[in-house]
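What follows is a single structure, written as structure tokens, with notes after it.
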Amino acid sequence: MAKPILEVKDLRVSFKMYAGEVQAVRGVSFSLHKGEVLAIVGESGCGKSVTAQTIMRLVPTPPSYIKEGSSILFDGKHEITKMSESQMEHVRGNEMGMIFQDPMTSLNPTMTVGAQISEGIRKHEKVKKAEAMRRAAELLTLVGMSNADERIHQYPHELSGGMRQRVMIALSLACNPKLLIADEPTTALDVTIQAQIIDLLRDIQKKTDTSIILITHDLGVVAEMAHNVVVMYAGKVVERGTLNDIFYNPRHPYTWGLLRSVPRLDSDKNNELDSIPGTPPDLYAPPVGCAFAARCPYAMQVCKEIDPEHFEVSAEHSSACWLLHPDAPKVEMPIEAGRRANG
Amino acid sequence: MLKYVLRRFIYMIITLWVIITATFFLMKLLPGNPFGEMAAKLPPENLAILKAQYGLDKPEWQQYLKYLGNVAQGDLGVSYQFPTRTVIEVIKQSFPASLELGIESLVVAIIIGLLLGIIAALKHNKWQDYSSMFIALVGISVPSFVVAPLLSLYVGNKWGILPPGLWEGPEHRILPALALSLGTIAILARMMRASMLEVSSLDYIKTAKSKGLATSKIVTGHMLRNAILPIVTILGPIAVNVITGTLVVETVFVIPGLGYQFVSSITTLDYTMITGLTVFYAAILIVVMFLTDIAYGLIDPRIRMSGRR
Chain H
1 MAKPILEVKD LRVSFKMYAG EVQAVRGVSF SLHKGEVLAI VGESGCGKSV
51 TAQTIMRLVP TPPSYIKEGS SILFDGKHEI TKMSESQMEH VRGNEMGMIF
101 QDPMTSLNPT MTVGAQISEG IRKHEKVKKA EAMRRAAELL TLVGMSNADE
151 RIHQYPHELS GGMRQRVMIA LSLACNPKLL IADEPTTALD VTIQAQIIDL
201 LRDIQKKTDT SIILITHDLG VVAEMAHNVV VMYAGKVVER GTLNDIFYNP
251 RHPYTWGLLR SVPRLDSDKN NELDSIPGTP PDLYAPPVGC AFAARCPYAM
301 QVCKEIDPEH FEVSAEHSSA CWLLHPDAPK VEMPIEAGRR ANG
Chain U
1 MLKYVLRRFI YMIITLWVII TATFFLMKLL PGNPFGEMAA KLPPENLAIL
51 KAQYGLDKPE WQQYLKYLGN VAQGDLGVSY QFPTRTVIEV IKQSFPASLE
101 LGIESLVVAI IIGLLLGIIA ALKHNKWQDY SSMFIALVGI SVPSFVVAPL
151 LSLYVGNKWG ILPPGLWEGP EHRILPALAL SLGTIAILAR MMRASMLEVS
201 SLDYIKTAKS KGLATSKIVT GHMLRNAILP IVTILGPIAV NVITGTLVVE
251 TVFVIPGLGY QFVSSITTLD YTMITGLTVF YAAILIVVMF LTDIAYGLID
301 PRIRMSGRR
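Chain order of the listed sequences is H and U.
If you use full-length UniProt numbering, the first sequence corresponds to residues 1 to 343, in order.
If you use full-length UniProt numbering, the second sequence corresponds to residues 1 to 309, in order.
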């Protein structure tokens, strides 16, 4: 198998605050191959955004610190955690692009969209301003905007939310990055626009064969475009597998909870939506055992005392849950297999 | 943009009219009369002649309309106290010094204030931040009537580095401008720091960083323009404040400016002079506000466009 484009090993990120140290990411490992779409899912505050932004070193230091022993190997040669700021400038935008959650705030209100797109091109490639603007117009056409030659002279406030997110995608693709990180790219958009943006991302992914890390809490989006899925909880990976593994054969009680809490068209209107009871643990002082134990209906004594390692289900599928230990009691999966969000 | 300017211009005229009207009638409510204690000693017929000469024998609405008409033609009337001088003449004679002093201290304040603010924000919570904010704190808490005499006494008189007063060569400008700008430096530095800190945490700064731009480029290209918007808003009132609020500094450094004239006209109940100078100050304020609005529109495309509808 070819070398992965990105290999994250035992990534630990903490924020040093007045009240103490918040361990936002507590040993995350995953890898990503060329052309692969990897979804990182989990609820708010599980560390998925911090993980994504740390890959581009966008989280400011201080207050955040990447801990000793963490490794982010990009393209087989760049060790992101050890690079200097000026080396990172070369990687950012050029080899990695990022799409942010809220297109209403992620574009500079006082610059035309053309200027914002061409700025990155001119930073990384020695081209004239006019040439960079022409490229910006091409990119806008690529992301499905008509009249690109006029659009480049418009300001963000003249565009709708969906259009702005297209501009943001164009901006992140400006220098043909090998890796695209999309941090909740559809969360701030309304549903019809969400579908268009996902279609666009999938389309661009096919055309350019870019690897994408998709950060989301929306399992519908995951089902639409991911190849592999990493489920995060309280700063750790609790389950990883292919899209089918996660949707048809989930093995971690937290993944079950996530899948059960997706609203369904055919559910009884009088029933309340399923939700996972309780709240995520305090990351100032994470629990000794499994972080999910306090909310887990199947928790055993061992769960509260020892944090489980990953148990392999298959070569690509593993889950950090004591229920997979050979000595553990057999538990029926509480959901029908194949409860995909899209039916 | 033209429509935006035009609309602002009409608002400006209306505001000015309201101020003239209010000042005119408020003056009429003042007790006493402009002819001072002499009026009591004058025979009634002489007083009547005097009143007729200044048009005070007519009903107030007629006086008001006449005054409004005169103001529209740029005539603010003749001083009661010095019947040989018109208000316009007094302004022409005294205002240049006040204006020059005001502009000089404003330029000093903007340059130093913004620089301090930017440095403080970029070095947030480091020694540069703390020392800039200490300077700002001193500037805001020590009033000009303390700073001006101290500067005049020590730098001017005891050490003899710069002239302690009067208004002659360029070296006479430095101390008054410094004394006048200190408070403004403090306000601008604090506002700029707060504004820069706010902008630096916004999403589009992260976007700029994700494009691989260097920090210097992010600061100059993305942060400054957005951070300066709230500063431009307060710059109008601040400019007027500095230009018209020179009384203390003018007195300490013996500068023949307009501030002195204003105060003396109030103590002598010089109706035309008070109304005239108030209208003049109001006009400056309104014109500067008007220019500020236009500048704001030029910097922020969102405002420029909203006038285009």
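Glycine included, each C-beta is placed from N, C-alpha and C at the ideal position.
For clarity, every value in this text was computed on a predicted model and none was experimentally measured.
Leaving out five residues on either side along the sequence, give the residues of the same chain with a beta carbon under 7 Å from the beta carbon of H/LYS16.
Scanning its chain for C-beta atoms nearer than 7 Å, with the 5 sequence neighbours on each side dropped, one finds around H/LYS16 the residues PRO62, PRO63 and TYR65, in chain order.
Under 6 Å Cβ to Cβ from U/MET273, same chain only, skipping five residues before and after it: list those, please.
Scanning its chain for C-beta atoms nearer than 6 Å, with the 5 sequence neighbours on each side dropped, one finds around U/MET273 the residues SER79, VAL87 and SER265, in chain order.
DSSP three-state label for residue 373 of chain H, please.
Beyond the ends of chain H as shown, which are 1 and 343, falls residue 373 of chain H; an answer cannot be given.
Got a sec, what are the start and stop residues for the alpha helix (DSSP H) U/LEU65 sits in?
Taken as a continuous stretch (DSSP letters only), the alpha helix (DSSP H) holding U/LEU65 covers 60–72.
Alpha carbon of U/THR233 to alpha carbon of U/LYS92, nearest angstrom
Approximately 29 Å between the Cα atoms of the pair.
Closest residue to U/GLN81 among U/PHE262, U/VAL107 and U/VAL147 (Cα-Cα distance)
Considering only alpha carbons, the answer is U/PHE262.
Contact the region 96–111 of chain H vs the region 224–231 of chain U: 3+ CB pairs below 8 Å
The region 224–231 of chain U and the region 96–111 of chain H touch, with three or more beta-carbon pairs separated by less than 8 Å.
Unbroken stretches of the beta strand (DSSP E), 3 residues or longer, contained in the region 231–260 of chain H:
Those beta strand (DSSP E) runs which fall completely within the region 231–260 of chain H and span 3+ residues are 236–242.
H/ILE276: buried (16+ other C-beta within 10 angstroms of its C-beta) or exposed?
Classification for H/ILE276: buried.
Less than 8 Å between CB atoms is the rule here; does U/ASN157 satisfy it with respect to chain H?
Not flagged as an interface residue toward chain H: U/ASN157, since no C-beta distance is shorter than 8 Å.
Can U/THR244 and U/ILE284 be called in contact, C-beta distance under 8 Å?
Contact flag set, yes.
Closest residue to H/TYR298 among H/HIS317, H/SER318 and H/ALA328 (Cα-Cα distance):
For H/TYR298, the closest of H/HIS317, H/SER318 and H/ALA328 by C-alpha to C-alpha distance is H/ALA328.
Contact list for U/GLY74 against chain H, beta-carbon separation under 9 Å
Going along chain H, no residue has its Cβ under 9 Å from U/GLY74, so there is no contact; the nearest lies around 40 Å.
Proximity test, Cβ basis, 8 Å: U/THR272 and chain H:
In terms of beta-carbon proximity, U/THR272 stays away from the interface with chain H, with every pair separated by 8 Å or more.
Taking 8 Å as the cut-off, does the region 30–44 of chain H touch the region 88–103 of chain H (at least 3 CB pairs, one atom from each stretch)?
Because the criterion of three Cβ pairs below 8 Å is not met, the region 88–103 of chain H and the region 30–44 of chain H do not touch.
Boundaries (first-last residue) of the beta strand (DSSP E) holding H/GLU7:
In this chain, the beta strand (DSSP E) harbouring H/GLU7 covers 6–17.
Can you list, in chain order, the residues of its chain whose CB lies under 7 Å from that of H/SER172, leaving out five sequence neighbours each side?
Only GLY97, MET98, ILE99 and LEU180 meet the Cβ criterion.
Use the C-beta contact count for residue 310 of chain U: other C-beta atoms within 10 angstroms, 16 or more gives buried, fewer gives exposed.
Residue 310 of chain U is absent from the structure shown; chain U starts at 1 and stops at 309.
Closest Cβ-Cβ distance between H/SER106 and chain U: below 8 Å?
So, interface residue.
Taking 8 Å as the threshold (beta carbon to beta carbon), is H/ALA155 in contact with chain U?
Sequence inspection shows Tyr at residue 155 of chain H; the Ala mentioned does not correspond to that position. By this cut-off, H/TYR155 is an interface position.
Would you verify that the beta carbon of U/PRO301 is, or is not, closer than 8 Å to some beta carbon of chain H?
With its beta carbon less than 8 Å from one in chain H, U/PRO301 belongs to the interface.
Proximal residues of chain U, C-beta to C-beta of H/ASP75 below 7 Å:
The contacting residues do not exist; H/ASP75 stays about 15 Å from chain U at best.
Rounded to a whole number of angstroms, what is the C-alpha to C-alpha distance between U/GLY69 and U/LEU26?
The alpha-carbon atoms of U/GLY69 and U/LEU26 are separated by roughly 18 Å.
Cβ of U/ALA214 less than 8 Å from any chain H Cβ?
Contacts with chain H at 8 Å (Cβ-Cβ) include U/ALA214.
Give the residues of chain U in contact with H/ARG135, contact being defined as C-beta atoms less than 7 Å apart.
In chain U, no part has a C-beta under 7 Å from the C-beta of H/ARG135; the shortest such distance is about 14 Å.
Sub-8 Å separation of H/MET232 and H/ILE198 beta-carbons:
Cβ distance not < 8 Å, so H/MET232 and H/ILE198 don't count as in contact.
When the distance is taken between beta carbons, is H/GLU119 closer than 8 Å to H/CYS175?
Contact flag unset, no.
Whether or not the region 194–210 of chain H and the region 238–257 of chain H are in contact is what I'm after, with contact meaning three or more pairs of Cβ atoms, one per stretch, closer than 8 Å; do they touch?
The way I'd put it, the region 238–257 of chain H doesn't touch the region 194–210 of chain H; fewer than three beta-carbon pairs between them come closer than 8 Å.
Taking H/ARG166 as the query, report the chain U residues whose CB atoms sit under 7 Å from its CB, ordered along the chain.
Simply none; closest approach about 14 Å.
Would you call the region 102–113 of chain U and the region 177–186 of chain U in contact, with 3 or more CB pairs under 8 Å?
Between the region 102–113 of chain U and the region 177–186 of chain U there are three or more C-beta pairs closer than 8 Å, enough to call the two in contact.
Per-residue burial, U/ILE13 [other beta carbons within 10 Å of its own, 16 or more giving buried]
Taking a 10 Å sphere around the C-beta of U/ILE13, we find fewer than 16 other C-beta atoms and assign the residue as exposed.
Is it true that the CB of H/VAL221 sits closer than 8 Å to the CB of H/THR186?
Contact flag set, yes.
Please list, in chain order, the chain H residues whose beta carbon lies closer than 8 Å to that of U/LEU202.
Below the 8 Å Cβ cutoff, chain H contributes THR105 as neighbours of U/LEU202, in chain order.
Can you give the beta carbon distance from H/PRO308 to H/CYS290, rounded, assuming they're within the 8 Å contact cut?
About 6 Å; that satisfies the 8 Å criterion.
To the nearest angstrom, how far is the alpha carbon of H/ARG240 from that of H/SER318?
The alpha-carbon atoms of H/ARG240 and H/SER318 are separated by roughly 5 Å.
Identify every residue that forms a DSSP beta bridge with H/TYR65.
Partner(s): H/SER14.
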